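Asks: This is the structure I have questions about; it appears just below.
Protein chains: 2
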Amino acid sequence: MNVQDANSTAELSTPRRGKREQIVQAAVKTFLEHGYAGTSMNKVAEAAGVIKATIYSHFKDKQQLFIAIIEEMTIKKVAIDFTNPEPILSLEPDEFIDVLTGKFCVLMQDPEYHALFRLLVGESERFPELAEIYVRTVILRGMGLASKYFEVHKELNIEDPQAMAHICAGSFISLMVWQQVLGGKNIMTLEVGRVRETLKALLRGQRQP
Amino acid sequence: MNVQDANSTAELSTPRRGKREQIVQAAVKTFLEHGYAGTSMNKVAEAAGVIKATIYSHFKDKQQLFIAIIEEMTIKKVAIDFTNPEPILSLEPDEFIDVLTGKFCVLMQDPEYHALFRLLVGESERFPELAEIYVRTVILRGMGLASKYFEVHKELNIEDPQAMAHICAGSFISLMVWQQVLGGKNIMTLEVGRVRETLKALLRGQRQP
DNA sequence: GTCTATATCTAGATAGAC
DNA sequence: GTCTATCTAGATATAGAC
């Protein structure tokens with residue numbers, strides 16, 4: 001019954017990536033969709049097209065599978081968002097806000113990111129290590145970048161660059177939370193562009209020529 | 001065996017509030033601690049000191065119990081935070097930010113609120129009605145108040161009061177999320193006061209005397 | 001490593017006596 | 001409404017053949 005055994009070379013419905021990779025992909029999908037407690041090893045096995053025992057030969061138990069999956073995902077998402085360390089520091093303030101907004105819009109349109117956020121927040125008390133990885137790699141890194149900008153650009157007269165970076169980041173991310181994560185985009189109609197322009201105006205106000 | 005029957009009048013370990021109230025309190029505690037899927041009717045029954053069947057005589061099933069509990073909790077939390085509609089509109093900008101900050105600090109120090117937030121976010125895809133109630137009653141109401149302030153205070157030259165209100169609220173709430181909900185207060189050391197003062201500075205910059 | 005088969009437990013939910 | 005008792009399904013996890 002199992003035609004695709006061991007080392008067949010060619011094209012198959014779920015191609016030759018090894019069972020482990022199949023399990024990982026299925027686990028990502030299932031955990032993101034149903035949460036930790038809502039995901040059963042049966043569901044994962046079924047979605048992966050393997051038998052349950054196979055999962056246990058690759059991962060010690062459900063917890064370890066979950067941690068491995070989410071940790072990897074969190075780090076992967078960051079890699080996408082923070083690569084190309086373009087010469088951001090040399091931008092004009094308006095351009096800088098535009099770039100920030102652009103990076104944010106990527107997150108805003110990524111349902112997988114929203115699901116990851118739901119999961120990290122929902123499980124943050126039971127899996128604090130994962131929440132910490134997220135804060136470290138996503139939040140602190142993103143804020144560090146913006147913070148550096150406000151620190152360097154003395155003409156903007158920002159007394160507390162870190163707090164200012166937090167205000168920018170917080171404005172955008174909270175918009176994502178209300179509209180996409182919590183699904184309130186129909187009852188809370190505030191466009192990203194309006195936040196962007198208001199931030200620009202605030203920065204102009206600080207400027208002393 | 002059940003000494004505290006029907007209409008006894010006096011002091012008992014879990015006093016005379018009726019089984020329903022016992023169930024509600026136990027359910028709140030258990031759901032907040034273990035999440036929806038992580039909570040079993042057995043756990044709730046045990047925590048409430050009743051037998052499982054008793055729960056089913058008050059609530060149709062687990063979903064209905066969950067919805068009833070969370071809906072009530074969400075609304076109750078708002079009641080606390082938005083009562084006393086003090087004459088906020090007549091405050092000076094700095095005072096206004098101080099009041100906002102004060103209200104926010106209450107949330108910042110309320111572990112039950114953080115747990116509720118975790119639950120609402122974590123279950124927002126499976127219980128969108130609850131997420132919507134939260135956005136409507138907490139977020140939109142809070143922002144509406146701030147938005148009105150910026151609308152009225154023309155001297156602040158805020159072109160988009162709604163966006164500005166969102167920036168203020170988003171700065172504060174995202175701080176709560178990183179530090180309390182996700183537990184990152186040790187790796188992300190930004191005090192509320194610094195955000196508060198930076199917001200004040202930004203408003204001063206907009207002002208045209 | 002991968003499967004078959006199974007052990008063990010706990011889940012949500014209900015029937016029926018009182 | 002509340003309890004005892006129980007049904008049935010599905011959970012995590014493993015033993016043992018290949």
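The listed protein sequences derive, respectively, from chains A and B.
So in my numbering, the last one in the first sequence is 209, and the numbering has no gaps at all.
So in my numbering, the last one in the second sequence is 209, and the numbering has no gaps at all.
Virtual Cβ for every residue (Gly too), placed ideally from N, Cα, C.
Only a predicted model underlies this, so the values are computations on that prediction, with no experimental measurement involved.
1. Straight-line CA distance for residue 105 of chain B to residue 42 of chain A?
2. Within the continuous alpha helix (DSSP H) that includes residue 89 of chain B, where are the two ends?
3. Would you list, in chain order, the members of the segment 134-163 of chain A that have their beta-carbon closer than 9 Å to a beta-carbon of chain B?
4. Taking the alpha-carbon positions, what's the residue 193 of chain A to residue 57 of chain A distance?
5. Assign residue 196 of chain B to buried or exposed, taking buried as 16 or more other Cβ atoms, counted over all protein chains shown, within 10 Å of its Cβ.
6. Just mark residue 52 of chain B as buried or exposed, buried being the case when its beta carbon has 16 or more other beta carbons within 10 Å.
7. Residue 153 of chain A by DSSP, collapsed to three states: which one?
8. Closer than 8 Å is the cut-off here; do at least three beta carbon pairs connect the segment 137-144 of chain B with the segment 127-142 of chain A?
9. With DSSP collapsed to three states, give me the class of residue 198 of chain A.
10. Measure the CB-CB distance between residue 173 of chain A and residue 174 of chain B and report whether it falls below 8 Å.
11. Applying a beta-carbon distance threshold of less than 9 Å, which residues of chain A neighbour residue 128 of chain B?
12. Residue 67 of chain A touches chain B at which residues, Cβ-Cβ below 8 Å?
13. In the DSSP assignment, find the alpha helix (DSSP H) that holds residue 45 of chain A and state where it starts and stops.
14. Take the Cβ of residue 204 of chain A as the centre, count every other Cβ of all protein chains shown within 10 Å, and call the residue buried at 16 or more, exposed below.
15. State yes or no: is the C-beta of residue 190 of chain B within less than 8 Å of the C-beta of residue 162 of chain A?
16. Please state the DSSP three-state secondary structure of residue 190 of chain A.
17. Taking the alpha-carbon positions, what's the residue 32 of chain B to residue 71 of chain B distance?
18. Using a Cβ cut-off of 9 Å, which residues of the segment 104-126 of chain B contact any Cβ in chain A, in chain order?
19. From the DSSP output, in three-state form, read off residue 59 of chain B for me.
20. With H, G and I counted as helix, E and B as strand and the rest as coil, what does DSSP make of residue 113 of chain A?
21. Out of A:114, A:21, A:119, A:87, point me to the one whose CA is closest to residue 39 of chain A's CA.
22. Residues in its own chain within less than 6 Å of residue 201 of chain A by CB, not counting five upstream and five downstream?
23. Which stretch, first to last residue, makes up the alpha helix (DSSP H) that contains residue 124 of chain A?
24. Where do the N-terminal and C-terminal ends of the alpha helix (DSSP H) with residue 20 of chain B fall, by residue?
25. Among residues of its own chain, excluding the 5 on either side of residue 122 of chain B, which ones have a beta-carbon nearer than 7 Å to its beta-carbon?
26. Contact criterion: CB-CB distance below 8 Å. Does residue 47 of chain B meet it with respect to chain A?
27. Excluding the five sequence neighbours on either side, which residues of its own chain have a C-beta within less than 6 Å of the C-beta of residue 115 of chain B, listed in chain order?
28. Indicate the three-state DSSP secondary structure (helix, strand or coil) for residue 182 of chain B in the structure shown.
29. By the 10 Å Cβ neighbour count, where 16 or more other Cβ atoms means buried, how is residue 180 of chain A classified, buried or exposed?
30. Against residue 206 of chain A, what residues of chain B qualify as contacts under a CB-to-CB distance less than 8 Å, listed in chain order?
31. From which residue to which residue does the alpha helix (DSSP H) around residue 173 of chain A run?
32. Below 8 Å, can you find three or more Cβ-Cβ pairs linking the segment 146-162 of chain A to the segment 88-108 of chain A?
33. Cα separation between residue 183 of chain B and residue 177 of chain B?
34. Residue 158 of chain A and residue 206 of chain A - do their beta-carbons sit closer together than 8 Å?
35. Just the chain B side, please: which residues come within less than 7 Å of residue 74 of chain A by C-beta, in chain order?
Replies: By the coordinates alone:
1. For residue 105 of chain B and residue 42 of chain A, the distance between alpha carbons rounds to 44 Å.
2. Bounds of any alpha helix (DSSP H) do not take in residue 89 of chain B, whose DSSP letter is neither H nor E.
3. Within the segment 134-163 of chain A, the residues whose Cβ lies closer than 9 Å to some Cβ of chain B are 134, 135, 136, 139, 140, 143, 157, 158, 159, 160, 162, 163, listed in chain order.
4. Residue 193 of chain A and residue 57 of chain A: Cα-Cα distance of roughly 50 Å.
5. Buried, because 16 or more other Cβ atoms sit within 10 Å of the Cβ of residue 196 of chain B.
6. Burial check for residue 52 of chain B: the Cβ neighbour count within 10 Å stays below 16, so the residue is exposed.
7. DSSP, read as helix, strand or coil, puts residue 153 of chain A in coil.
8. No, because fewer than three Cβ pairs between the segment 137-144 of chain B and the segment 127-142 of chain A fall closer than 8 Å, the two stretches do not touch.
9. For residue 198 of chain A, the three-state secondary structure derived from DSSP is helix.
10. With a cutoff of 8 Å on beta-carbon distance, residue 173 of chain A and residue 174 of chain B are scored as near each other.
11. For residue 128 of chain B, the chain A residues whose C-beta falls within less than 9 Å of its own C-beta are 182, 183, listed in chain order.
12. What residue 67 of chain A touches in chain B, judged by beta-carbon distance under 8 Å, is nothing: the nearest beta carbon there is about 16 Å away.
13. First-last of the alpha helix (DSSP H) with residue 45 of chain A: 41-48.
14. Classified as exposed, residue 204 of chain A has fewer than 16 neighbouring CB atoms from the shown chains inside 10 Å of its CB.
15. If you check the CB distance, residue 190 of chain B and residue 162 of chain A come in under 8 Å.
16. Three-state DSSP puts residue 190 of chain A in coil, outside helix and strand.
17. Roughly 13 Å separates the two Cα atoms.
18. Of all residues in the segment 104-126 of chain B, 114, 115, 117, 118, 119, 120, 121, 122, 123, 124, 125, 126 have a Cβ within less than 9 Å of some Cβ in chain A.
19. Of the three classes helix, strand and coil, the one that applies to residue 59 of chain B here is coil, per DSSP.
20. Looking at residue 113 of chain A - three-state DSSP - the assignment turns out to be helix.
21. Nearest C-alpha to residue 39 of chain A: A:119.
22. Here the set comprises nothing.
23. Neither: residue 124 of chain A is in no alpha helix (DSSP H) and is coded neither H nor E.
24. From DSSP, the alpha helix (DSSP H) with residue 20 of chain B extends over 18-34.
25. These residues qualify, in order along the chain: 35.
26. Not closer than 8 Å to any Cβ of chain A, the Cβ of residue 47 of chain B fails to qualify, so no.
27. Only 32 meet the Cβ criterion.
28. Collapsing the DSSP output to three states places residue 182 of chain B in coil.
29. Buried is the call here.
30. Going along chain B in sequence order, the residues near residue 206 of chain A (Cβ under 8 Å) are 201, 202, 205.
31. Where residue 173 of chain A is concerned, the enclosing alpha helix (DSSP H) starts and stops at 161-176.
32. Segments in contact, yes.
33. Roughly 8 Å separates the two Cα atoms.
34. Using a Cβ distance threshold of 8 Å, residue 206 of chain A and residue 158 of chain A count as a contacting pair.
35. Neighbours of residue 74 of chain A on chain B: none; closest Cβ ~12 Å, over 7 Å.
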